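Q: Next up is a structure, given as structure tokens.
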Amino acid sequence: MSPGSQNDTATVGEVASERRINMIEAINEALDIMLTRDPDVIIMGEDVGYFGGVFRATAGLQAKHGKNRVFDTPISECGIIGAAVGMGAYGLRPVPEIQFADYIYPGLDQLISEAARLRYRSAGDYIAPLTVRSPFGGGIFGGQTHSQSPEALFTHVSGLKTVIPSTPYDAKGLLIAAIEDNDPVIFFEPKRIYNGPFTGFYDKPVEPWKKHPDSVVPEGYYRIPLGKARHVREGEALTVLAYGTMVHVTEAVCKAKGVDADILDLRTLVPLDIQAIEASVEKTGRCLIVHEATRTSGFGAELSALVTERCFYHLEAPVERVTGFDTPYPHSLEWAYFPGPVRIRRRCRGGSRRMACEGR
Amino acid sequence: MAEPANPADTNRPALALHVPEPKYRPGDKADFSHIEVGSPGAQPRPDESIHPSQMADLAYSLVRVLGDDHQAHGPWNPRLDPETLRTMLGHMAMVRAFDERMFRGQRQGKTSFYMKCTGEEATSIASSMALASDDMVFPSYRQQGILIARGYPLLDMINQIYSNRADKLKGRQLPIMYSSREHSFFSISGNLATQTPQAVGWAMASAIKGDSRIAATWVGEGSTAEGDFHAACTFAAVYNAPVILNVVNNQWAISSFSGFAGGERTTFAARGLGYGIAALRVDGNDALACYAAAEWAANRARGNHGPTLIEYFTYRAEGHSTSDDPSGYRSAQEREEWPLGDPVMRLKNHLIAIGEWDEDRQSAMDAECAELVKATTKEAEKNGILGHGLHHPFHTMFEDVFEELPWHLEEQADQAIRERITKFGSERPFG
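So the protein sequences, as listed, match chains A and B.
Residue numbering for the first sequence is 1 to 360, as defined by the working numbering.
Residue numbering for the second sequence is 1001 to 1431, as defined by the working numbering.
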């Protein structure tokens, strides 16, 4: 069962039509709408201009809005983010793209030391209202430098917001909200699900978004508030906290194995929807955290600590994590690395009371 | 590690690593006669639309205006009226008096930290005076002269240094990391060279909007080794950004001489040429040359002819900061032997030479600056000094991380206030 996020009461804007699009199209539409609505919105990055981006997310935008608004940059993540901070100080609302999250590191000093701190250190004199879009995550045979999930590096930074959509509907609404937000937002797009909701059953054909209810995306402007989780599935056996591609993998496993999980798609990691998490764990008494990123000091550790601190007397079993392994992302052994159906199933089989001691 | 080849077994010579070494260390007699300073007035002043490839001579020589005769020479003479020159001298005297007092304040324990700009006053004051007041500046930590030239209140500067309850940055920033949007002065960051691509981005934004304002940034020669500086130069050139990239080559990056930034084999100005950026190398202790170079670069930027890199060749006369003792790494004689002299004295002598100033007025002005800084210091102390309890309300520590406080910061703010009450009792919960 998937209620579909268009029924989310927190959503504002137009009523859904029956038009279905994929996540790339939803992102492209969000950018187009924001370029049209706000003359201060600027899009820049490697190959985003004339060519329209290596994933086509910015296709057609330069032709429509002009080279002053949508343009290619030198291959310099430090320069892209640094220039965007300066543009924000001027009063623009830049939406820089980093081609792969694996390549965001040369821009980290500008993000961590500058964008994240600017409002604080200048006491509000200057702000950095930028939205850094970047494809992230694995499951595409991307190897070490086209598969990483570095969200924990950003959630650890005071002053940054981190957003990860998992559906076309959310991608559009969250991206619009991120661009309108006056704080710097890291917007990670799970590239594995750009074209369809990957379930982790890699030996089966991937369904396109057209068959998924959350690909019904209104044409006009709407936004989904940052900091609000989405209830993917109501259940009683255990709470699953996931985001990005892992939302679909978890959902598929629970469906295939008849696990009555209460699945939350966090959507925003900072600020986190702690109320939704607490309500769910207090109901189920169990919590499983699923992410692609490596385990040690990953965002799952923060989630686990929060759940343990705040829901301790409701817990019937230790909080568990299903994650990528603490290795660089491998190429040939991708499906042994990826936290797919087998690993998840072993952790949440039937909402078992043995969840904690299973499969060690 | 692989075994190095035995030279006896090969006719290839053994390789040798070159580690730069400054000419003079503590105890050495300093002699700067090897530095070619050239003659004031000897450099041509090309049209502002010149192609960078035609500027090689200007990137390797030194633009100078003021001669040993204290007169202004040649085509770079900005021909400023005496009133402007006196204003410039006044700002330089003020920043020197300010630096003296704040340095002493740090030694007296009124604050944690200070950095002087002694010997480099012209590189910020004269060059920023050539800009419009709404041109945006992205300084490093040694351009306090810009704030003084732009009329930023001394009281606000001192409040920031003391991190007291009147500090506009709410006690969040290390002393001297000023910020003033009202004065088009960008928030100073501790992370070196980050401001350089930001300045380029600001200039790009101004161009995107069809504005007429330009940006200028300052960076030390040591920080030009940062990747950000390369990014800034690349972006400035690619987008023909209306920006001035000022490199203050004061010879020293804390204890490392400019050779560690690559200064042994080329000039810092010459780096601009490789990017296709107009480049000028200027006597940084010659206020008129500094003004003229900045004016030239501003004209170039405003005319959509693109960015300019200016190297100000100067000398860091004092320690790097209050935490530094330069006698541990360089000759004490360097400062007096420096061939380009002192920027304040040179401008003063020029004004006297043209009959627009005299020693008595200089003495009176110096005394007036010292008196004003002293009085303002006393005024600032009413708002508190570091560690003496008068600071911003406790809750402000959690504000401005984001536009609005998220739940986790609300919780942490409550926690911090509870801790204060435990420590001090409820009568002083926010103190």
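We treat Cβ as the ideally placed atom computed from N, Cα and C, and that holds for glycine.
Fair warning: this is a prediction, and the values are worked out from it, not measured in the lab.
Do we get a CB-CB distance below 8 angstroms when we pair A/P318 with the residues of chain B?
A: With 8 angstroms as the cut-off, A/P318 does not count as an interface residue toward chain B.
Q: Should B/Q1043 be labelled buried (16 or more other beta-carbon atoms within 10 Å of its own) or exposed?
A: Buried, because 16 or more other Cβ atoms sit within 10 Å of the Cβ of B/Q1043.
Q: Do A/A261 and A/V366 come within 8 angstroms of each other at the CB atom, strictly closer than that value?
A: Look at the range of chain A in this structure, 1 to 360, and you will see that residue 366 of chain A is not part of it.
Q: Just to confirm my understanding: we take A/P106, look at its own chain, exclude 5 residues before and 5 after, and list those with CB closer than 8 angstroms. What are they?
A: S76, E77 and C78.
Q: Counting only C-beta atoms, is B/N1240 closer than 8 angstroms to chain D at any point?
A: Absent from the structure is chain D; the protein chains it does hold are A and B.
Q: Pull out every residue of the stretch 1157 to 1188 of chain B whose Cβ sits closer than 8 angstroms to any Cβ of chain A, in chain order.
A: Residues passing the 8 angstroms Cβ filter: K1168, L1169, K1170, R1172, Q1173, M1177, S1179, S1180, R1181, F1186 and S1187.
Q: Just how far apart, CA to CA, sit A/T199 and B/S1212?
A: Each residue's Cα considered, the two are about 53 angstroms apart.
Q: Count the other CB atoms, across all protein chains shown, that sit within 10 Å of the CB of B/T1234; report buried if there are 16 or more and exposed otherwise.
A: B/T1234 is buried by the Cβ-count criterion.
Q: Go through its chain and collect everything with a Cβ distance to B/H1305's Cβ below 7 angstroms, but skip five positions before and after it.
A: Same-chain partners within the cutoff: E1048 and S1049.
Q: Measuring straight from C-alpha to C-alpha, what distance separates A/T58 and A/A116?
A: Going by the C-alpha atoms only, they are around 25 angstroms apart.
Q: With 16 as the cutoff for other CB atoms within 10 Å, does B/G1389 come out buried or exposed?
A: So B/G1389 ends up on the exposed side.
Q: Report the three-state DSSP secondary structure of B/R1181 (helix, strand or coil).
A: Helix, per DSSP.
Q: Given that A/P190 touches chain B, what residues does it touch there, using C-beta distances under 8 angstroms?
A: The premise fails here: A/P190 is roughly 24 angstroms from chain B at the closest Cβ pair, so nothing lies under 8 angstroms.
Q: Taking Cβ to Cβ, would you say A/L92 is nearer than 8 angstroms to A/H65?
A: No, Cβ-Cβ distance for A/L92 and A/H65 is not below 8 angstroms.
Q: Can you tell me the Cα-Cα spacing of A/G49 and A/R69, whole angstroms?
A: One C-alpha to the other measures close to 9 angstroms.
Q: Is the number of C-beta pairs between the stretch 256 to 273 of chain A and the stretch 217 to 228 of chain A that are closer than 8 angstroms three or more?
A: Judged by Cβ distances under 8 angstroms, the stretch 256 to 273 of chain A makes contact with the stretch 217 to 228 of chain A, as three or more pairs qualify.
Q: From this set, A/T294, A/L264, A/G300 and A/S297, which residue's C-alpha is nearest A/T284's C-alpha?
A: Among A/T294, A/L264, A/G300 and A/S297, the Cα nearest to that of A/T284 belongs to A/L264.
Q: Tell me, please, which residues DSSP counts as bridged to A/C287.
A: Beta-bridge pairing links A/C287 to A/T239.
Q: Using the beta-carbon of each residue, which ones in chain B are nearer than 7 angstroms to A/S134?
A: Within chain B, no residue comes near A/S134; the closest Cβ sits about 18 angstroms away, beyond 7 angstroms.
Q: When Cβ atoms are compared, which residues of the stretch 1287 to 1314 of chain B fall closer than 7 angstroms to chain A?
A: Answer in chain order: no residues at all.
Q: I need the straight-line Cα distance from B/M1129 to B/I1146, nearest angstrom please.
A: When rounded, the distance between both Cα atoms is 8 angstroms.
Q: Using 8 angstroms as the threshold, is the C-beta distance between A/I80 and A/T131 below it?
A: Contact flag unset, no.
Q: Compute the distance between the beta-carbons of B/V1238 and B/P1307, then report whether it is under 8 angstroms.
A: Result no, Cβ atoms of B/V1238 and B/P1307 do not sit closer than 8 angstroms.
Q: Using a Cβ-Cβ distance cut-off of 8 angstroms, determine whether B/A1416 contacts chain A.
A: So, not an interface residue.
Q: Smallest Cα separation from B/E1021: which of B/G1222, B/G1259 and B/R1281?
A: For B/E1021, the nearest C-alpha among the options comes from B/G1259.
Q: Any idea what DSSP makes of A/R347, helix, strand or coil?
A: DSSP places A/R347 in helix when its eight states are reduced to three.
Q: Where do the N-terminal and C-terminal ends of the alpha helix (DSSP H) with B/H1408 fall, by residue?
A: W1407 to F1424 is the span of the alpha helix (DSSP H), which, as asked, contains B/H1408.
Q: Taking Cβ to Cβ, would you say B/A1231 is nearer than 8 angstroms to B/L1245?
A: Going by C-beta atoms, B/A1231 is not nearer than 8 angstroms to B/L1245.
Q: Do the CB positions of B/W1407 and A/I274 come within less than 8 angstroms of each other?
A: Yes, these two residues count as a Cβ contact at 8 angstroms.
Q: If you draw a straight line from the alpha carbon of B/F1229 to that of B/N1191, how long is it in whole angstroms?
A: If I take the Cα positions, the gap works out to 12 angstroms.
Q: What does the Cβ neighbour count give for B/P1040, buried or exposed, with the cut at 16 atoms within 10 Å?
A: Classification for B/P1040: buried.
Q: How big is the Cα-Cα spacing for B/V1373 and B/A1097?
A: If I take the Cα positions, the gap works out to 7 angstroms.
Q: What's the C-alpha gap between B/D1167 and B/H1183?
A: Rounded to whole angstroms, B/D1167 to B/H1183 spans 16 angstroms at the Cα level.
Q: On the premise that A/P339 lies in contact with A/M246, defined as a C-beta separation below 8 angstroms, what is that separation, rounded to the nearest angstrom?
A: Their Cβ separation, rounded to whole angstroms, is 7 angstroms, which keeps A/M246 and A/P339 in contact under 8 angstroms.
Q: In angstroms, rounded to a whole number, what distance separates the CA positions of A/G244 and A/E97?
A: Each residue's Cα considered, the two are about 18 angstroms apart.
Q: Report the start-end ranges of each beta strand (DSSP E) in the stretch 1145 to 1229 of chain B that is 3 residues or longer and not cut off at the edges.
A: The qualifying runs are 1215 to 1220.
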